[in-house]
Amino acid sequence: MEILVCVKRVPDTSENEIELNSAGNDIDRDDLVYSVNEWDNYAVEEALQIVDKVGGSVTVVSVGDEETEEVLRREMAMGAEKGLLLSDDAFEEADGRGIATALKAAVDKGNYDLILTGAQADDGAGQVGGMLAAMLDVPFASLVNTIEVDGDKLKVGREIEGGNQEMHEVSLPCVLSIQTGINEPRYVGIRGIRKVASVEIPTMGAGDLGLDVPAAKVKRLDYFLPDMGEGAEMLEGSTEEIIDKLVELLKAKGGLK
Amino acid sequence: MAQIFSYILHKDGALDDTALELAAAAKKIDASANPTAIVVGSGDGLDAVCTKVAASYGEVWKVANEAITYPDAEMIRKVLVNILPAESIVLIAHEHFGMDLAPGLSIKLDSALATDVVAIEGADGATLKLVRQEFGGAVSAHVTCDAAQGAVLTLRPGSFGADESQSAGGTVVDKSSEAGDLTAQRKYLEVVEAEAGDVDITKSEVLVSCGRGIEDEENLEIAFDLAKAMGADVSCSRPIVDAKWLPKARQVGTSGQTVKPKVYMACGISGSFQHMGGIKGNPFIIAINKNPKAPIFQVADVGIVADILEFLPELTEKIEEL
Ligand SMILES: Cc1cc2nc3c(=O)[nH]c(=O)nc-3n(C[C@H](O)[C@H](O)[C@H](O)COP(=O)(O)OP(=O)(O)OC[C@H]3O[C@@H](n4cnc5c(N)ncnc54)[C@H](O)[C@@H]3O)c2cc1C
Ligand SMILES: Nc1ncnc2c1ncn2[C@@H]1O[C@H](COP(=O)(O)O)[C@@H](O)[C@H]1O
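Order-wise, the sequence lines are chains A and B.
Under my numbering, the first residue of the first sequence is numbered 35, with each subsequent residue one higher.
Under my numbering, the first residue of the second sequence is numbered 12, with each subsequent residue one higher.
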């Protein structure tokens, strides 16, 4: 099975606290550490496990700048055979639809049976996978947390409320958006990354893909911190003082039995 | 102004809370909006659902189809593409069904898409002014959405006060004959219910809940020690379950359990809406987090800035001395 996994380079929120800059209109981008979107890492692992079972190969693709190569390489170190970088000034202002349009052009140039995305990325949109599927006119399932291959069909589970699972039979080719927890992504060490350091990663621009990126209909104007009213009463003082206050509160609110 | 539609979620004859929230949200786009509700399904209960919806919407479009025994997004997308007029604004709740439906729908309608909208500040001509959150709620963003060719918006549950006026006295219009061909290449099979866990956290009165801030599987012990001293149960956020450190039955949130304790102690949890969405009944929330700007401090009653790995054992010791 030929599998394409779409991955995005995002600020790593476990390494950075995302905060506003001093002008208060953007996030503070100094010293941000970037990594692969958490959901996409699960998607790559899932693709590798499928290929382990039924054969085939995994390609990782990203729309980004030259620094995105590093993220592609990390996923190739996990075992993805090929990488593809879609890079063009025209993609920089793109909204979700623009990103999906670029990815669709890349899909059309290949011959993929299955396309995986993450359920969502850093901006919490959760849109690119479903858009891509509709553009390709293939079936889609979101929030997928199990995949079983059955010939030219898949049996997939979607995570719904209460930990319940909605099961579907989906014909290939299709697009699935992957939810965290579907597997345990393998660890990538420095050695693994070194091994793929010299593998060529082709880059394609809008011209190579023969495409006009649609003008963004959805645009972010600025970032801000909303006024959330009072917020929590912060307990302050020495640890001992804080613990004393907390114990009193716990007693009063029925938190100690 | 374009016509506004709300997609109504319903189950076993009952309306989802979001049904009335979408009506309120439509009024934020245009105070004089008279949104139309769309109710899709099958069976005897569907008319009763439509009647309930008509109390809050001036017009209800009913689509009854025997094939739709379960709200399957791929099938319902086809219905919507067939019945919606061009340039509509479509409001959908941002939960698992909406996430499955909305992106593809926006492509098929050739309209704009904005997801997980938490506030609507109004419209300037065909440009909608929206608020979204990014990075798990750490920051908000003002977003414009060009709805000249229509728009699909998914709205975060609980972010728009429900329109409880029940004064619409609406009419039900049967659109069933316009649904068209619903054959899809994705076939719904069944819903598999979650396995029960060793403890039922939905019944717990006091919960010590740990998140990614616990850092390591071994560290969970300090949460269990504290819970034991307090007479509480241990619950957790999703990353702890994803890492297989605790079973799914202990996960609080929209894709986990809905809990209603008296006291909820969130330890190393950032406060994403999917997590907080599983906490009901207005408990007393204590948040312990090393980041003073963690979003959870906006919704907690009491906050403590501390490293839980140091703080929790000290708290346990103190409680044991009592
Ligand atoms: C469709 C969907 C459904 C979801 N359903 C759920 C759900 O049901 N439940 C759920 O929980 N999530 C759910 N999520 C995931 C959710 O979006 C968040 O990713 C998740 O809740 C984050 O968990 P967290 O707060 O533990 O981790 P993080 O967001 O990583 O936060 C960790 C926090 O710990 C703090 N911290 C780190 N170290 C320490 C320390 N030593 N001491 C004190 N504080 C520390 C950090 O400052 C940070 O605030 C869902 C996501 C999607 C897309
Ligand atoms: N720039 C990008 N390059 C490649 N894939 C992307 C990009 N942006 C989003 N995706 C894919 O779409 C998924 C959902 O992202 P989003 O719709 O932005 O929340 C991600 O998990 C990726 O799989």
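C-beta atoms are modelled at their ideal positions from N, C-alpha and C, and glycine is treated no differently.
From a predicted model like this one, the values you see are computed outputs, not experimental measurements.
Contacts that residue i makes with chain A (C-beta to C-beta distance below 8 angstroms)
i: threonine 155 of chain B; result: Val252, Lys253 and Leu255
i: phenylalanine 308 of chain B; result: Gly265, Ala266 and Met268
i: serine 151 of chain B; result: Tyr257, Phe258, Leu259 and Pro260
i: asparagine 302 of chain B; result: Glu51
Contact with chain B by residue i, beta-carbon distance below 8 angstroms
i: isoleucine 181 of chain A; result: no
i: glutamate 103 of chain A; result: no
i: asparagine 198 of chain A; result: yes
i: methionine 165 of chain A; result: yes
i: valine 204 of chain A; result: yes
i: glutamine 161 of chain A; result: yes
i: glycine 289 of chain A; result: yes
i: glutamate 218 of chain A; result: yes
i: glutamate 193 of chain A; result: yes
i: phenylalanine 125 of chain A; result: no
i: valine 222 of chain A; result: no
i: proline 236 of chain A; result: no
i: methionine 201 of chain A; result: yes
i: leucine 284 of chain A; result: yes
Proximal residues of chain A, C-beta to C-beta of residue i below 7 angstroms
i: glutamate 145 of chain B; result: Asp156, Asp157 and Gly158
i: glutamine 14 of chain B; result: Residues of chain A passing the Cβ test: none, with the nearest at roughly 18 angstroms.
Proximal chain D residues relative to residue i, where beta-carbon distance stays under 9 angstroms
i: arginine 249 of chain B; result: The structure shown has no chain D; the protein chains it does contain are A and B.
is_contact[residue i, chain A] using C-beta, thresh 8 angstroms
i: valine 203 of chain B; result: yes
i: threonine 265 of chain B; result: yes
i: methionine 287 of chain B; result: no
i: valine 128 of chain B; result: no
i: valine 274 of chain B; result: yes
i: valine 245 of chain B; result: no
i: aspartate 312 of chain B; result: yes
i: glycine 242 of chain B; result: yes
i: phenylalanine 171 of chain B; result: no
i: isoleucine 315 of chain B; result: yes
i: lysine 259 of chain B; result: yes
i: leucine 253 of chain B; result: Note on residue identity: the sequence assigns aspartate, not leucine, to residue 253 of chain B. Output row for aspartate 253 of chain B: interface = yes.
i: alanine 125 of chain B; result: yes
i: leucine 295 of chain B; result: Correcting the residue type first, residue 295 of chain B is phenylalanine in the shown sequence and not leucine. By this cut-off, phenylalanine 295 of chain B is an interface position.
i: alanine 298 of chain B; result: yes
i: histidine 21 of chain B; result: no
i: glutamine 268 of chain B; result: yes
Closer than 7 angstroms at the beta carbon, the chain B residues around residue i
i: serine 176 of chain A; result: Met110 and Asp111
i: isoleucine 277 of chain A; result: Glu325, Leu326 and Lys329
i: methionine 262 of chain A; result: Gln309
i: glycine 130 of chain A; result: Leu124
Distance between beta carbons of residue j and residue i, contact taken as under 8 angstroms
i: cysteine 40 of chain A; j: valine 95 of chain A; result: 6 angstroms
i: isoleucine 299 of chain B; j: valine 310 of chain B; result: With a Cβ gap of about 14 angstroms, isoleucine 299 of chain B and valine 310 of chain B do not count as contacting.
i: methionine 110 of chain B; j: glycine 160 of chain A; result: 5 angstroms
i: valine 163 of chain B; j: leucine 120 of chain B; result: 7 angstroms
i: aspartate 74 of chain A; j: lysine 42 of chain A; result: 6 angstroms
i: methionine 110 of chain A; j: leucine 82 of chain A; result: In fact, because the Cβ distance is near 11 angstroms, the residues do not count as touching under 8 angstroms.
i: leucine 170 of chain A; j: lysine 138 of chain A; result: 6 angstroms
i: alanine 137 of chain B; j: alanine 158 of chain B; result: 5 angstroms
i: isoleucine 212 of chain B; j: arginine 261 of chain B; result: 6 angstroms
i: glutamate 282 of chain A; j: aspartate 312 of chain B; result: Actually they are not in contact, since the Cβ atoms of glutamate 282 of chain A and aspartate 312 of chain B sit about 14 angstroms apart, beyond 8 angstroms.
i: glycine 180 of chain B; j: valine 71 of chain B; result: Not a contact, Cβ separation roughly 11 angstroms.
i: leucine 38 of chain A; j: asparagine 50 of chain A; result: Rounded, the Cβ-Cβ distance is 29 angstroms, inconsistent with contact.
Where residue i meets chain B, residues with beta-carbon distance less than 9 angstroms
i: leucine 137 of chain A; result: None at all; the shortest Cβ gap to chain B is about 13 angstroms.
i: valine 168 of chain A; result: The residue you asked about is not valine; residue 168 of chain A is alanine in the sequence shown. Near alanine 168 of chain A (Cβ distances below 9 angstroms), the residues of chain B are Arg88, Pro114, Gly115, Leu116, Ser117, Ile118 and Lys119.
i: valine 281 of chain A; result: Leu326, Lys329, Ile330 and Leu333
Neighbour list for residue i in chain A, Cβ cutoff strictly below 9 angstroms
i: phenylalanine 322 of chain B; result: Thr273, Ile276 and Ile277
Within chain B, the residues that residue i reaches when beta carbons sit closer than 8 angstroms
i: proline 173 of chain A; result: Glu85, Ala195, Gln196 and Arg197
* Members of the region 192 to 216 of chain B that neighbour chain A once the beta carbon cut-off is set at 9 angstroms -> The region 192 to 216 of chain B vs chain A, Cβ under 9 angstroms: Ala195, Gln196, Arg197, Lys198, Tyr199, Leu200, Glu201, Val202, Val203, Glu204, Ala205, Glu206 and Glu216.
Q.
Please list, in chain order, the residues of the region 81 to 100 of chain B that have any C-beta partner in chain A closer than 9 angstroms.
A. Within the region 81 to 100 of chain B, the qualifying residues are Tyr81, Asp83, Ala84, Glu85 and Arg88.
**Prompt:** Can you list, in chain order, the stretches of the beta strand (DSSP E) that have 3 or more residues and sit fully within the region 227 to 305 of chain B?
**Reply:** Counting only runs that start and end inside the region 227 to 305 of chain B, the beta strand (DSSP E) elements of at least 3 residues fall at 244 to 247, 274 to 278 and 295 to 300.
| field | Short-range partners of chain B found in the region 41 to 75 of chain A, where Cβ spacing is below 8 angstroms | value | Those would be Pro45, Thr47, Ser48, Glu51, Ile52, Glu53, Leu54 and Ile61, in chain order.
| beta strand (DSSP E) runs contained entirely in the region 89 to 141 of chain B, provided each spans 3 or more residues | If you keep only unbroken beta strand (DSSP E) runs of at least 3 residues inside the region 89 to 141 of chain B, you get 100 to 104 and 123 to 135.
Point to revise | Near-chain A residues of the region 173 to 186 of chain B (beta-carbon distance less than 9 angstroms), N- to C-terminal order | key: Correct list: empty, as no residue qualifies.
Which whole runs of the alpha helix (DSSP H) in the region 145 to 188 of chain A are 4 residues long or more, in chain order? Within the region 145 to 188 of chain A, the complete alpha helix (DSSP H) runs of at least 4 residues are 162 to 170.
Which complete beta strand (DSSP E) runs does the region 77 to 106 of chain A hold, if anything under 3 residues is left out? The qualifying runs are 91 to 97.
Length at least 3, wholly inside the region 45 to 80 of chain B: the beta strand (DSSP E) runs in chain order: As for any beta strand (DSSP E) of minimum length 3 sitting wholly inside the region 45 to 80 of chain B, the runs are 47 to 52 and 70 to 75, ordered along the chain.
Only counting runs of 4 or more residues, tell me where the alpha helix (DSSP H) segments fall wholly within the region 219 to 247 of chain A, in order along the chain.
If we require 4 residues or more, the alpha helix (DSSP H) runs fully inside the region 219 to 247 of chain A come out as 224 to 229 and 240 to 243.
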